[in-house]
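Note sheet for the following structure.
There are 2 protein chains.
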Amino acid sequence: MKRVTLVDVAQHAGVSRATASLVVRGSPLVSASTRKAVEDAIAELGYVYNLGAARMRAARSHTVGVIIPNLTNPFFAVLLAGIETVLEEAGFAVILGNSYDSPAKQDLFVGRAREHGVDGLIVCPAAGTEKRFIEDALKWGIPLVQTLRTVPDTSTDYSGMDQHDGMHEAVNCLYDFGHRRIGYVASTLFHSAHKERLAKFREAMSAKGIEPLFVRHLESTHQAARMAAPEIMGKRTRPTALICHNDVLALGLHRGLCDLGVLPGRDVSLIGFDNVAEADLVIPGLASVATEPFNVGKNAAELFLRRISAPEAVHSSRVEPTYFVQRGSCGPVRDFAEA
Amino acid sequence: MKRVTLVDVAQHAGVSRATASLVVRGSPLVSASTRKAVEDAIAELGYVYNLGAARMRAARSHTVGVIIPNLTNPFFAVLLAGIETVLEEAGFAVILGNSYDSPAKQDLFVGRAREHGVDGLIVCPAAGTEKRFIEDALKWGIPLVQTLRTVPDTSTDYSGMDQHDGMHEAVNCLYDFGHRRIGYVASTLFHSAHKERLAKFREAMSAKGIEPLFVRHLESTHQAARMAAPEIMGKRTRPTALICHNDVLALGLHRGLCDLGVLPGRDVSLIGFDNVAEADLVIPGLASVATEPFNVGKNAAELFLRRISAPEAVHSSRVEPTYFVQRGSCGPVRDFAEA
DNA sequence: CAGCGCGTTTAGATCGATCTAAAAGAGAAG
DNA sequence: CTTCTCTTTTAGATCGATCTAAACGCGCTG
């Protein structure tokens, strides 16, 4: 039982393999009658197109390498879903790589992707990725789109989100509720999105003429945030509001605060980022800045497709808007004695 | 600027391409000195192995198609992470397909995967997948591993979990707390895991000599479960405890109950499945049966690797244990008037 | 009827690796 | 020195498609 090839199809249809090849590629050069004959032969023999063989002569492999830092984080999983949906539709296969935020694993994966002859890469760079990584890809002639994060001092297509609006809305909401002592809880992964979000926080604060009360770095897990609550609320000058780099931290802190008997929204206001589904499940609901990872993923894939069709076009960026979603965890400042 | 091929490497090292080929494949047939010469040439020229060309003659492509019903669901994302981790390690590339639980999309993806010449498939079948789907794959000679769900009346390698222990522990816990009026909240996706879990529930109940109070089917979203709380608690005979098919339903219901002023663990006991991270964040904590999707994924990948190396071996199964995690949402039955 | 243009079809070379089967080289034994 | 292993290397065919450039058939025109 041998594999069915174009030669078999051609023979069965009584044409040459060149003609059969034209049919499978949907060329307009063949007449309607021969096209029909070949298509019938294909159906009858159960022919399967061999992309590997085609790739050897033709330029494109219809394959894209996608690198994600951590699939376990639903945020990235949804990003990936967005990417996959668009690429699937366009007839591209996604080769998946999970970098676990390790540049070494990331390099390894790119090597493998090159062997597979990918047409390009869509990358959310691992924290600590060097400039060299991007430069190499370009040197090798591999189109590359960065998403969510960027490697410093590099220029490629980029799909991210606009941290500005959401953060300003969040800070303004706190400000209007009377909050002035506002702390920021960041993660310990120092990538571009992390820095940008923090910078926007500082910017929004100084626009209101106030200084951040503190910036605290925590490992980005529920557990770490929950454990840190006593320390954060035990500071000499106690914060009246907290903004967190993401909802993982915010939800962990939410629970940690409750453990202490400090009620979010009444005793301290709490705002997260990403507006994950669970934000609406805790009591009181977690106010959060919505970022749409699915759309960011779709944008990344679309930028990639554009790049493929116009390899020399100038690099472009797509930023997805963010917006503040108010919930119970965010309320007016409580007029208890200023410590 | 042309691509570097094995011919270039061979020339540069002063050997034939056949020898160079042996080196890249790590054959023991070459002497240490020529091996070194070729390796130097590879490094110097920046040669990249062309898997596409290799695949044409050799049997294996080192590529696996992985089909997941819904990446947006963290449970599946973690399953995928487990699969990817093992396959990556073994040098396989993962081609990802998101079926959105649609058999049609699934078929489409398999077609594409075949064109890419995958060595096999790891599939969590979309709800409603027909027997034909599995049979076709086997007919085409594509090794296939099913995971988490199985298509009825099919026999392949399978990586799943043991619903028995966790469910029995959960029911027994409720029983010991004095609960007798226990309802089951299922999802509306009727796949094998759904059926098996429900069956185990019935089994565990009848082992204790009690009848399920009701089985209610809900769309598997937080929102749907939250909205259904009033109806579920408004039944003529009010349940004293609820077991949910997964934590999405359980968390939604948790919130819905709180909205009603019904406190989980005091007024009604609530148990979910999967023990997602958020189960520990809500108040009171959601008791849940832990299932380890990452391990299930790893098992699936390992079964696949075994199948590749021994294509004719008899089909085997791996089931990951499940265990009950007790938290505040599960407590003694309250002695209010029996309706 | 030769010559031209147009739409279709095709033979042959080619992509970059691997396979097979045989050759070359190096020692050892007779 | 020949012959015989044993190791190492290689030429040539091959996988299944695509490309190029040429050929073919057919109607139309001068």
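Residue numbers (the UniProt record's numbering), protein chains in the order written: chain X, 1 to 339; chain C, 1 to 339.
Even glycine gets a Cβ: it sits at the ideal position worked out from N, Cα and C.
Open item on the list: Quick check: is the beta carbon of A339/C nearer than 7 Å to any beta carbon in chain X?
Closed with: Residue confidence is low: A339/C scores 43 on pLDDT, short of 50, so the model does not pin down where it sits. Its coordinate-derived value is still stated next. Judged by the 7 Å Cβ criterion, A339/C is not in contact with chain X.
Open item on the list: If I measure Cβ to Cβ from V145/X and keep anything under 6 Å in the same chain, skipping five residues before and after, which residues do I get?
Closed with: I122, D157, A300, L303 and F304
Task: Assigned secondary structure, C244/X (DSSP; H/G/I helix, E/B strand, else coil) - done: strand
TODO: Entirely within the segment 8-68 of chain X and at least 3 residues each: give me those beta strand (DSSP E) ranges in chain order.
DONE: 63-68
Task: Closer than 9 Å at the beta carbon, the chain X residues around P69/C - done: Simply none; closest approach about 11 Å.
Task: For S317/X, the three-state DSSP class (helix, strand or coil) - done: strand
Open item on the list: Ignoring anything shorter than 4 residues, give me the alpha helix (DSSP H) runs that lie fully in the segment 213-301 of chain X, in order along the chain.
Closed with: 222-233 and 247-260
Open item on the list: Per the DSSP calculation, A93/C is bridged to which residue(s)?
Closed with: T63/C
Open item on the list: With H, G and I counted as helix, E and B as strand and the rest as coil, what does DSSP make of Q326/X?
Closed with: coil
- [ ] Look at G256/X and A229/X and say whether their C-beta atoms are less than 7 Å apart.
- [x] yes
Task: Complete alpha helix (DSSP H) runs within the segment 106-157 of chain X (minimum length 4 residues, chain order) - done: 131-139
- [ ] Find the residues of chain X that neighbour P74/C, judging by a C-beta separation of less than 7 Å, and give them in chain order.
- [x] P74 and A77
Task: Own chain residues within Cβ distance below 6 Å of G328/C, not counting five before or after - done: G265, P284 and G285
Task: Contacting residues, own chain, Cβ-Cβ under 8 Å from D280/C (five flanking each side not counted) - done: L286 and R327
TODO: Please check the pair F75/X and P293/X, which I expect to be a contact at CB under 8 Å, by giving their CB distance rounded to whole angstroms.
DONE: 5 Å
- [ ] Just confirm the distance between the C-beta atoms of V110/X and I134/X, as a whole number of angstroms; I'd bet it's less than 8 Å.
- [x] V110/X to I134/X, Cβ: 11 Å. No contact.
- [ ] Would you identify the three-state DSSP class for A207/C, choosing helix, strand or coil?
- [x] helix
Open item on the list: Using a Cβ-Cβ distance cut-off of 7 Å, determine whether C258/X contacts chain C.
Closed with: yes
Open item on the list: Helix, strand or coil for G82/C? Go by DSSP, reduced to three states.
Closed with: helix
Open item on the list: Spatial neighbours of A13/X within its chain, please: C-beta separation below 6 Å, excluding the five flanking residues on both sides.
Closed with: A37, V38 and A41
Open item on the list: In this structure, how does DSSP classify A310/C when only helix, strand and coil are distinguished?
Closed with: coil
TODO: Thinking G252/X and T221/X are a contact (beta carbons under 8 Å), I'd like their distance in whole angstroms, please.
DONE: 7 Å
- [ ] Count the CB pairs spanning the segment 46-54 of chain X and the segment 76-86 of chain X that are closer than 8 Å, and state whether there are at least three.
- [x] no
- [ ] With a threshold of 16 other CB atoms inside 10 Å of the CB of L51/X, please say whether the residue is buried or exposed.
- [x] buried
Task: Three-way DSSP call (helix, strand, coil) for N172/X in this model - done: helix
TODO: Would you mind reading off the limits of the beta strand (DSSP E) that contains F183/C?
DONE: Sequence check: residue 183/C is Gly here, not Phe. I182 to S187 is the extent of the beta strand (DSSP E) around G183/C.
TODO: Using a Cβ-Cβ cut-off of 7 Å, state whether V94/C counts as contacting chain X.
DONE: yes
Open item on the list: Quick check: residue 350/X and H245/X, are their CB atoms within less than 7 Å of each other?
Closed with: Residue 350/X lies beyond the range of chain X shown here (1 to 339); nothing can be said about it.
- [ ] Would you mind giving the Cβ-Cβ distance between I182/X and I243/X, rounded to the nearest angstrom? I have them listed as a contact below 8 Å.
- [x] 7 Å
Task: Neighbouring residues, chain C, relative to G328/X (Cβ below 8 Å) - done: Neighbours of G328/X on chain C: none; closest Cβ ~12 Å, over 8 Å.
- [ ] Quick one: list the residues of chain C neighbouring V282/X, beta-carbon separation under 9 Å, in chain order.
- [x] R255, E278, L281, V282 and I283
TODO: Check whether the Cβ atoms of F324/C and G166/C lie closer than 7 Å to each other.
DONE: yes
Open item on the list: Below 8 Å on the Cβ atoms is my contact criterion, and I expect H298/X with G91/X to pass it. Report the Cβ-Cβ distance as a whole number of Å.
Closed with: Correcting the residue identity first, residue 298/X is Lys in this sequence and not His. Wrong, their Cβ atoms sit about 16 Å apart, outside the cutoff.
TODO: Would you verify that the beta carbon of R17/X is, or is not, closer than 7 Å to some beta carbon of chain C?
DONE: no
TODO: Could you name the residues of chain X that Y49/C contacts, counting a contact when the two beta carbons are closer than 8 Å?
DONE: E115
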